[in-house]
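*Asks:*
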Amino acid sequence: MRTVALTSKAEGVRVSTRIPTTLTFDTPINAQAVKLGDKAPVEILSVGDRSVTLRALEELSEAVPLRVPLLNEPILTAPVFKLTTAADVVDAQVLVFRDTSAPELMQARLAALEARCSACEAALTAQRERGTATGPSGWILSGQVEEGSGVQVKKLSKVPPSATTGLEVASVHRFKAKAWVVLFVEVSNNSGPPWRPGKAWLENPSTGRRVEARTVAMAPDALPPNGAGRVAVEFDWKQRESGPPGEDFRLVIQEAAEGSRPLSIAGVVLEDGTPAQEKNGP
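In this note's numbering, each residue's number is its place in the sequence shown (first place is 1) plus 624.
1) Could you tell me how far apart the beta carbons of ALA710 and ARG638 are, in whole angstroms, since I believe they sit closer than 8 Å?
2) Since LYS659 sits in a beta bridge, which residues does DSSP pair it with?
3) Mapping DSSP to helix, strand and coil, what is GLU902?
4) At what residues does the alpha helix (DSSP H) containing TRP763 begin and finish?
5) Contact defined as beta carbons within less than 8 Å: I believe GLY891 pairs with ASP872. What is the distance between those atoms, to the nearest angstrom?
6) Look up ALA852 in the DSSP assignment and say whether it is helix, strand or coil.
7) Find out if the Cβ-Cβ distance for the pair GLU728, LEU719 is shorter than 9 Å.
8) Would you mind reading off the limits of the beta strand (DSSP E) that contains ALA629?
9) When the Cα atoms are used, what is the spatial distance from ILE643 to GLU858?
10) Do you know offhand how far MET730's Cα is from VAL628's?
11) At which residue ranges does the segment 777-862 contain complete beta strand (DSSP E) runs of 3 or more residues, listed in the order of the chain?
12) With DSSP as the reference, label ARG874 as helix, strand or coil.
13) Tell me whether THR631 is buried or exposed, calling it buried when 16 or more other Cβ atoms sit within 10 Å of its Cβ.
14) Rounded to whole angstroms, what's the CA-CA distance from GLY790 to VAL876? Just pull it up for me.
15) Please report how far the alpha carbon of CYS744 lies from the alpha carbon of ILE699, in whole angstroms.
16) With H, G and I counted as helix, E and B as strand and the rest as coil, what does DSSP make of ILE889?
17) Is the separation between the beta-carbon of LYS706 and that of GLY759 shorter than 9 Å?
18) Three-state secondary structure (DSSP) at LEU734?
19) At a cut of 8 Å, does the segment 821-828 reach the segment 793-804 through at least three beta carbon pairs?
20) To the nearest angstrom, report how far apart MET625 and ASP650 are at their CA atoms.
21) According to DSSP, GLY636 sits in a beta bridge with which residue or residues?
22) Comparing alpha-carbon positions, which option in ARG674, TRP861, GLY870, ALA837 lies nearest VAL855?
23) Excluding the 5 residues flanking GLY816 on each side, which residues of the same chain have their C-beta closer than 6 Å to its C-beta?
24) What is the rounded straight-line gap between the Cα of LEU694 and the Cα of ASP723?
25) Can you tell which of LEU780, ALA843, THR708 has its C-alpha closest to the C-alpha of VAL893?
26) So is PRO652 buried or exposed if we call it buried at 16+ other beta carbons inside 10 Å?
27) Please identify the residue among GLN776, LEU734, LEU748, LEU807 whose C-alpha is closest to the C-alpha of ALA762.
28) Can you pull the DSSP bridge partners for SER670?
29) Tell me whether GLU683 sits in a helix, a strand or coil according to DSSP, three-state version.
30) Is ALA716 closer than 9 Å to THR645 when the C-beta atoms are compared?
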């Protein structure tokens, strides 16, 4: 939907072969005198007291003029519109105002400006979040590190359900570089109060080996009831210190506020081994 004010300049209108375009005026028009350019591949579907509905019969190679005289005014001074076709957009509704100071026109322009400002603010917020993201976990949460960016990315298969009541794990991805590993967990809070991550670590139930996380970050900062979020757990991980390939860990993310709901995920492998060595499961 667009709003336009009549001026001495011809207003462009984008039409389509599939979706009709309706021009609605704030003043009566001379329906009998509405005229298209000669042999124009455009069909007028209907003409009312204040509206014209039309569609293109084919893609327009050049602009087609449309003259819409206003009632009780000379035809020579009638507003002219230039009809064109575009591959990805059509003006389905065009509100045409004769008075450039009409309240409806001013309100429509204000709404358009507000929508544009909201879009700009959202884009600015996203850029700020990307700019303030530090370290691998922050970069991954902000979408700056993804598959194909030089970091090894793998979705861990057969991730078992969390043993924590109300917290459900949707997926776990492993982002791996030479000196660090980030476990990216998509989780939802299906019941209970908001949940916020605190400390995190990896533990090997068989050997007792434990690896502390150096960073834990989440978006949003707290997981609301019936909400979903993403947790990034970062480890200082050098291959020479990583232990045997296929070592099976349990990821434990403690609740921040002395809570009793730690998120526990079994079957986490950071160094791939042979299928026999890996054990992605409870």
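Here a beta-carbon is modelled for each residue, glycine too, at the ideal position from N, C-alpha and C. Predicted model, so just to flag it, every value in this text is computed and none were measured.
*Replies:* On the basis of the data shown:
1) Taking the first residue of the sequence shown as position 1, residue 710 is located at position 86. Taking the first residue of the sequence shown as position 1, residue 638 is located at position 14. Sure, about 5 Å apart at Cβ, within 8 Å.
2) Position 35 of the sequence shown holds residue 659. Note: LYS659 sits in a beta bridge opposite ARG691.
3) For the purposes of this step, residue 902 is identified with residue 278 of the sequence shown, where counting begins at 1. Annotation note: pLDDT 44 at GLU902 (below 50); position unreliable, coordinate value reported separately. The answer is coil: DSSP assigns GLU902 none of H, G, I, E or B.
4) Sequence index remark: in the sequence shown, residue 763 carries index 139 (1-based). Residues 759-765.
5) For the purposes of this step, residue 891 is taken as residue 267 along the sequence shown, with counting starting at 1. For the purposes of this step, residue 872 is taken as residue 248 along the sequence shown, with counting starting at 1. With a Cβ gap of about 7 Å, GLY891 and ASP872 count as contacting.
6) As a first step, residue 852 must be located in the sequence shown, where it is residue number 228. Strand, per DSSP.
7) Here residue 728 refers to the residue found at position 104 of the sequence shown. Here residue 719 refers to the residue found at position 95 of the sequence shown. For GLU728 and LEU719, yes; Cβs fall inside 9 Å.
8) As a position in the sequence shown, residue 629 is number 5, starting the count at 1. Note, ALA629: beta strand (DSSP E), 626-629.
9) Start at 1 with the first residue of the sequence shown, and residue 643 comes out as number 19. Start at 1 with the first residue of the sequence shown, and residue 858 comes out as number 234. Taking the straight line from one Cα to the other gives about 51 Å.
10) Start at 1 with the first residue of the sequence shown, and residue 730 comes out as number 106. Start at 1 with the first residue of the sequence shown, and residue 628 comes out as number 4. Taking the straight line joining both Cα atoms gives about 10 Å.
11) 791-800, 804-813, 821-827, 834-836, 839-843, 851-860
12) Along the sequence shown, one-based indexing puts residue 874 at 250. Of the three classes helix, strand and coil, the one that applies to ARG874 here is strand, per DSSP.
13) Your numbering for residue 631 matches position 7 in the sequence shown. The residue in question, THR631, is exposed, as its Cβ has fewer than 16 Cβ neighbours within 10 Å.
14) Taking the first residue of the sequence shown as position 1, residue 790 is located at position 166. Taking the first residue of the sequence shown as position 1, residue 876 is located at position 252. For GLY790 and VAL876, the distance between alpha carbons rounds to 16 Å.
15) Locating residue 744 in the sequence shown gives position 120, counting from the first residue. Locating residue 699 in the sequence shown gives position 75, counting from the first residue. Straight-line Cα distance between these residues: approximately 43 Å.
16) Position 265 of the sequence shown, counting from 1, holds the residue named residue 889. Of the three classes helix, strand and coil, the one that applies to ILE889 here is strand, per DSSP.
17) Translated into positions along the sequence shown, residue 706 becomes position 82. Translated into positions along the sequence shown, residue 759 becomes position 135. Contact: no.
18) Translated into positions along the sequence shown, residue 734 becomes position 110. In the structure shown, LEU734 sits in a helix (DSSP, three-state: H, G or I).
19) Taking one beta carbon from each stretch, the segment 821-828 and the segment 793-804 have fewer than 3 pairs nearer than 8 Å; the two do not touch.
20) Your numbering for residue 625 matches position 1 in the sequence shown. Your numbering for residue 650 matches position 26 in the sequence shown. The alpha-carbon atoms of MET625 and ASP650 are separated by roughly 15 Å.
21) Locating residue 636 in the sequence shown gives position 12, where the first residue counts as 1. Answer is LYS706, bridged to GLY636.
22) Position 231 of the sequence shown, counted from the start, is the residue given in the question as residue 855. When each option's Cα is compared against that of VAL855, the closest is ALA837.
23) For the purposes of this step, residue 816 is identified with residue 192 of the sequence shown, where counting begins at 1. Within the same chain, GLY816 has close Cβ partners GLY790.
24) Here residue 694 corresponds to residue number 70 of the sequence shown, with the count starting at 1. Here residue 723 corresponds to residue number 99 of the sequence shown, with the count starting at 1. Whole-angstrom Cα-Cα distance: 13 Å.
25) As a first step, residue 893 must be located in the sequence shown, where it is residue number 269. The shortest C-alpha separation from VAL893 is found at LEU780.
26) Here residue 652 corresponds to residue number 28 of the sequence shown, with the count starting at 1. Counting Cβ neighbours within 10 Å, PRO652 comes out exposed, since fewer than 16 surround it.
27) What you label residue 762 is simply residue 138 of the sequence shown in a count that begins at 1. Note on residue identity: the sequence assigns Gly, not Ala, to residue 762. The candidate whose alpha carbon is nearest that of GLY762 is LEU807.
28) Along the sequence shown, read from residue 1 onward, the residue named residue 670 stands at position 46. Looking at the DSSP assignment, SER670 forms a beta bridge with THR677.
29) The residue labelled residue 683 in the question sits at position 59 within the sequence shown. Coil at GLU683, not helix or strand.
30) For the purposes of this step, residue 645 is identified with residue 21 of the sequence shown, where counting begins at 1. For the purposes of this step, residue 716 is identified with residue 92 of the sequence shown, where counting begins at 1. Yes.
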